[in-house]
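Here the structure comes first, spelled out in structure tokens, and everything after it is commentary.
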Amino acid sequence: MNITQKPTIGLFVDAFYPMIDGVVVVVDQYARYLQSYANVIVFAPKSTDKDYVDDFPYTVYRSRQIKLPFSDYSLSLPWIDHHFQHALKKADLDLVHVHSPFSIGKMGIMYAKKKNIPVIGTLHSQYHLDFYERTKSELITKIALNKLISTLNQCDELWTVNAYIKDLFEKEGIQKNIYVIPNATDLNYVHLPSNEIDLKRHYNIRPDEKILLYVGRIDELKNLGFLLESLYRLRIKGFKFHMIFVGSGPYEEKMRTLIKKYGLQDHIHMSGRITNRQALALHYKIADLFLFPSIYDSSSLVQIEAASQKTPTLFLKDTATASTIKHNINGYVCEHDSMRYAEMIITIFKDYKSYLRIKEQCYKDLYRTWFDVTKIVYARYQSTIHQKKEV
Numbered sequence: 003m004n005i006t007q008k009p010t011i012g013l014f015v016d017a018f019y020p021m022i023d024g025v026v027v028v029v030d031q032y033a034r035y036l037q038s039y040a041n042v043i044v045f046a047p048k049s050t051d052k053d054y055v056d057d058f059p060y061t062v063y064r065s066r067q068i069k070l071p072f073s074d075y076s077l078s079l080p081w082i083d084h085h086f087q088h089a090l091k092k093a094d095l096d097l098v099h100v101h102s103p104f105s106i107g108k109m110g111i112m113y114a115k116k117k118n119i120p121v122i123g124t125l126h127s128q129y130h131l132d133f134y135e136r137t138k139s140e141l142i143t144k145i146a147l148n149k150l151i152s153t154l155n156q157c158d159e160l161w162t163v164n165a166y167i168k169d170l171f172e173k174e175g176i177q178k179n180i181y182v183i184p185n186a187t188d189l190n191y192v193h194l195p196s197n198e199i200d201l202k203r204h205y206n207i208r209p210d211e212k213i214l215l216y217v218g219r220i221d222e223l224k225n226l227g228f229l230l231e232s233l234y235r236l237r238i239k240g241f242k243f244h245m246i247f248v249g250s251g252p253y254e255e256k257m258r259t260l261i262k263k264y265g266l267q268d269h270i271h272m273s274g275r276i277t278n279r280q281a282l283a284l285h286y287k288i289a290d291l292f293l294f295p296s297i298y299d300s301s302s303l304v305q306i307e308a309a310s311q312k313t314p315t316l317f318l319k320d321t322a323t324a325s326t327i328k329h330n331i332n333g334y335v336c337e338h339d340s341m342r343y344a345e346m347i348i349t350i351f352k353d354y355k356s357y358l359r360i361k362e363q364c365y366k367d368l369y370r371t372w373f374d375v376t377k378i379v380y381a382r383y384q385s386t387i388h389q390k391k392e393v
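So the sequence shown is numbered by my numbering: it starts at 3 and just counts up by one.
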């Protein structure tokens, strides 16, 4: 790379649009905002939707994949895709950034080692929880985690989203330096009173109902069964609320069964995926409280999105997502008990003055934009490239 030229950065990920999860959104936002500093290429699996066409302001090279049974995820097959390998070879990357340490991520690491360029890996997930949830086997989980740690230790440096996950991976055997690079959002605070009224009317929300919101994959991993049990206890206590679930996933059918079982049909609306960002921001804005009981996530984007609209979140105590939260200051935490979770929701709205203060504080403490975060990202890229050249 000539010193006057933009570097070429490769972002490697094993799931990408039209499939949506937190990692997909992070990679997309990195690619969009890093365009100001670098040439960016995303290496990702092909879509299983034959009608889907890429439309991005950056280059995307796609690898063959196969659909995994009993899941909405797929397995990438870059090793047998000669077109993908040719595109990677021609890319002439200056830095590889791996966002998933599996098929495509491993190919990115191999490419970096062969070219003697720096490779960074971001630890987006608590992989041990994911492995165990999918296999229900401690032995298989241990074997898979050891292999994953071995892969990650091949990177020059690793990033993670908060200190909680940094400590976790260091205990699991990571030997490289781990830097904390936070997530962010592209959402801005919205103030559209007439649109808010229309949206509440769309959901038939009464003035005396508190609006509770969940945004994310409809997946058992997100602890949604616990959330529904908590909402059932809210209903029994006579608390007036309307819960909106935004998202899609493999747990939808089970969710509907539980909603009926708990008699929550008149209290819950499942809206499906919302891809329009302005419409999504409006959902956060009308919500009185965001509910995120996941014990699986590391640092969900949705908690930052909620904060962008001054909507505080109720987390579970001692979880990774709650690690940046100060209870009753910029959010709320509660024990992993459905009765206490329900009682906490009621308690939150009893002290309305405190609630209004926390709304403002969550915005000040937790809201970050990708514009600001990618400045930090690019500065770290430059430092890593420079260090590699000096070795």
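A virtual CB, placed ideally from N, CA and C, is assigned to each residue, including glycine.
The beta strand (DSSP E) enclosing residue i, as first and last residue numbers
i, result
"LYS69", "67 to 69"
"VAL29", "Where VAL29 is concerned, there is no enclosing beta strand (DSSP E), although the alpha helix (DSSP H) it sits in stretches over 24 to 36."
"GLY12", "10 to 14"
"ALA46", "41 to 47"
"THR386", "Not the beta strand (DSSP E): THR386 falls in the alpha helix (DSSP H), residues 372 to 392."
"LYS92", "Unbroken run through LYS92 is the alpha helix (DSSP H), 84 to 93; no beta strand (DSSP E)."
"SER76", "76 to 78"
"VAL248", "243 to 248"
"VAL121", "121 to 125"
"LYS212", "212 to 217"
"VAL335", "334 to 336"
Supposed contact pair residue j and residue i - C-beta distance, whole angstroms, cut 8 Å
i, j, result
"SER78", "ILE106", "5 Å"
"HIS269", "ARG237", "6 Å"
"PRO184", "PHE228", "Not quite, the Cβ-Cβ distance comes to about 27 Å (not below 8 Å), so this is no contact."
"LEU150", "ILE180", "Incorrect: roughly 15 Å between the Cβ atoms, too far for contact."
"ASP94", "ILE11", "Incorrect: roughly 11 Å between the Cβ atoms, too far for contact."
"LEU147", "PHE133", "6 Å"
"ASN41", "LYS91", "No, ASN41 and LYS91 are not in contact; Cβ-Cβ is about 16 Å, not under 8 Å."
"VAL304", "GLY218", "6 Å"
"PHE45", "PHE14", "5 Å"
"TYR35", "PHE373", "6 Å"
"HIS101", "THR137", "Contact doesn't hold; Cβ gap of about 23 Å is too wide."
"SER300", "GLN128", "6 Å"
"TYR357", "LEU131", "TYR357 to LEU131, Cβ: 32 Å. No contact."
The alpha helix (DSSP H) enclosing residue i, as first and last residue numbers
i, result
"MET112", "105 to 117"
"GLY266", "Reading off the sequence shown, one finds Leu at residue 266, where the question assumed Gly. That residue, LEU266, is in no alpha helix (DSSP H); it is neither H nor E in DSSP."
"SER356", "354 to 368"
"PRO195", "195 to 204"
"HIS99", "Not the alpha helix (DSSP H): HIS99 falls in the beta strand (DSSP E), residues 97 to 100."
"LEU189", "Unbroken run through LEU189: none, as it is neither H nor E."
"GLY227", "226 to 238"
Burial state of residue i, where buried means 16 or more other Cβ atoms lie within 10 Å
i, result
"THR386", "buried"
"GLU307", "buried"
"HIS126", "buried"
"THR50", "exposed"
"ASN4", "Here the model assigns ASN4 a pLDDT of 47, short of 50, so the residue's position is not dependable, and the following value carries that caveat. The residue is exposed, with fewer than 16 neighbouring Cβ atoms inside 10 Å."
"TYR354", "exposed"
"PRO47", "buried"
"LYS262", "exposed"
"SER196", "exposed"
"THR277", "exposed"
"ALA114", "buried"
"TYR32", "buried"
"ILE43", "buried"
"ASN118", "exposed"
"ASP213", "It is worth fixing the name first, because residue 213 is Ile in this sequence and not Asp. By the 10 Å Cβ count, ILE213 comes out buried."
"LYS242", "exposed"
"SER139", "exposed"
"ILE220", "buried"
"TYR63", "buried"
"LEU215", "buried"
"VAL393", "exposed"
"LYS224", "buried"
"ILE145", "exposed"
Any chain C beta carbon closer than 8 Å to residue i
i, result
"PHE58", "The chain inventory of the structure shown lacks chain C, comprising one protein chain alone."
- Task: At 3 residues or longer, and completely inside the region 135 to 185: list those beta strand (DSSP E) runs for me, N to C.
- Result: 159 to 162, 180 to 182
- Three or more C-beta pairs closer than 8 Å, one from the region 199 to 214 and one from the region 276 to 291: is that the case here? yes
- Query: Between the region 358 to 374 and the region 326 to 336, are three or more C-beta pairs nearer than 8 Å?
  - Reply: yes
- Task: Any chance you could list the beta strand (DSSP E) runs of at least 3 consecutive residues sitting entirely within the region 259 to 328, in chain order?
- Result: 270 to 274, 291 to 293, 315 to 318
- Query: Is the region 311 to 322 close to the region 335 to 348, with three or more CB pairs under 8 Å?
  - Reply: yes
- Meets three-Cβ-pair contact criterion under 8 Å: the region 159 to 178 and the region 251 to 258: no
- Query: Are at least three pairs of beta-carbons, each pair with one atom in the region 240 to 250 and one in the region 271 to 281, less than 8 Å apart?
  - Reply: yes
- Message: For the region 186 to 201 against the region 339 to 355, do three or more pairs of beta-carbon atoms, one drawn from each stretch, fall closer than 8 Å, so that the two count as touching?
- Response: no
- Query: How do the region 107 to 123 and the region 17 to 34 stand: do at least 3 beta-carbon pairs fall below 8 Å, yes or no?
  - Reply: no
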